[in-house]
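Numbering (the numbering used here), first residue to last: 127 to 413.
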């Protein structure tokens, strides 16, 4: 897991990590915009096959909303789309407006986003000057707190469901007050079970380039991946059946339907689904 620096795309981070680790197969769990910093979980090698189990994870952020003008990207990297004004807002007013963005809401994604329109990412259409017609999506904002208001800038903390755009909330806050607004800073503090406390910088990893054992020690222990699933160490007979897509009897973890199957302490072999009792079928075989 990387603490992404500002000014890099998520793809830039993946490319850098490929050079450090020598691993070609790397995928990230939720893009961070270039301006944003913070938690960027990454799956390496065979673990990329587990991406589907992280897709619904909530994400937490801290950041700043700048009131006074809007931008085409809804953040500080975009071009202004309204005249700049000096908003006369109070902390109580901004906190009151934020309350309407909590819970289950309908949200229109930003035009500069990775949402697909007829197979094309919206941002590509927007950059080409073509119309971007996105549909509103239902998201859940579990927490949205305005911490301080300093002039035109409001500092906030937020926890939002997968698929939610903090930029869109900043933009809509500006519309609510009629003065325009955009996201001026953003730091992801948590993504599912991954937190900043565990995140590493690229600078910390660079000296370990080529040292496979040292890099492995910096990664999350395989048994701590997907903590909601029990872990079971299987014998050679069961492992052989699972590796070939067959069914096998494993320890029963009631009421768990999915388990992580290990060979020894570290080698994650499969994710298996309960069929009945102690009989399990592999849904993903990692090797």
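Using N, Cα and C, we set each Cβ at its ideal position, and we do this for glycine too.
Computed from a prediction, not measured in an experiment: that's the story for all the values here.
For residue i, the nearest candidate out of the options (CA to CA)
i           : options               : result
residue 274 : 259, 231 and 190      : 190
residue 288 : 158, 359 and 278      : 158
residue 370 : 408, 404, 344 and 348 : 408
residue 234 : 209, 298 and 215      : 298
residue 202 : 208, 210 and 192      : 192
residue 301 : 223, 343, 154 and 399 : 223
residue 404 : 286, 384 and 146      : 384
residue 252 : 216, 197 and 182      : 197
residue 359 : 328, 393 and 350      : 393
residue 347 : 391, 338, 322 and 356 : 391
residue 184 : 282, 291, 245 and 361 : 291
residue 321 : 171, 188, 217 and 152 : 188
residue 155 : 328, 319 and 366      : 319
residue 270 : 352, 246, 240 and 227 : 227
residue 303 : 281, 211 and 131      : 211
residue 262 : 243, 332, 381 and 268 : 243
residue 160 : 225, 135, 168 and 167 : 135
residue 267 : 325, 389, 283 and 175 : 283
residue 209 : 307, 356, 324 and 402 : 307
residue 365 : 316, 410, 143 and 323 : 410
residue 258 : 379, 378 and 248      : 248
residue 336 : 323, 148, 218 and 378 : 148
residue 172 : 186, 150, 180 and 131 : 150
residue 355 : 362, 338, 379 and 345 : 379
residue 179 : 353, 362 and 344      : 353
residue 170 : 181, 182, 176 and 152 : 152
residue 216 : 280, 349 and 381      : 280
residue 144 : 402, 219, 338 and 286 : 338
residue 176 : 255, 351, 186 and 295 : 351
Neighbourhood of residue i by C-beta distance below 7 Å, restricted to the same chain and skipping five residues each side
i           : result
residue 221 : 272
residue 133 : 160
residue 207 : 196, 197 and 198
Per DSSP, the bridge partner or partners of residue i
i           : result
residue 276 : 279
residue 267 : 229 and 286
residue 389 : 393
residue 242 : 247
residue 357 : 386
residue 398 : 385 and 408
residue 191 : 280 and 309
residue 351 : Answer by DSSP bridge pairing: none, since residue 351 is not bridged.
DSSP three-state assignment for residue i, whether helix, strand or coil
i           : result
residue 212 : coil
residue 369 : helix
residue 262 : coil
residue 413 : coil
residue 254 : coil
residue 405 : strand
residue 374 : strand
residue 197 : strand
residue 222 : helix
residue 202 : coil
residue 363 : helix
Cβ neighbours of residue i in the same chain (closer than 6 Å, five flanking residues each side left out)
i           : result
residue 334 : 340 and 341
residue 293 : 200, 201, 236 and 309
residue 213 : 193, 194, 278 and 305
residue 162 : 312
residue 331 : 146
Cβ-based neighbour list, residue i, same chain, cut-off 8 Å, excluding 5 preceding and 5 following
i           : result
residue 406 : 368, 373, 374, 375, 376, 385, 387, 398, 399 and 400
residue 129 : 163, 164, 165, 166, 322, 325, 326 and 327
residue 395 : 360, 365, 368, 369, 387, 388, 389, 411, 412 and 413
residue 139 : 128, 130, 154, 166, 168 and 328
Below-8 Å beta-carbon distance, residue i vs any chain C residue
i           : result
residue 255 : Protein chain content of the structure displayed is limited to a single chain, and chain C is not contained in it.
key: Every unbroken alpha helix (DSSP H) within the region 130-187, with a cutoff of 4 residues, ordered by chain   = Within the region 130-187, the complete alpha helix (DSSP H) runs of at least 4 residues are 136-147.
task = Counting only runs of 3+ residues fully inside the region 288-349, write out the beta strand (DSSP E) ranges in chain order.
result = Under the rule that a run must span 3 or more residues, the beta strand (DSSP E) segments found entirely inside the region 288-349 read 307-317.
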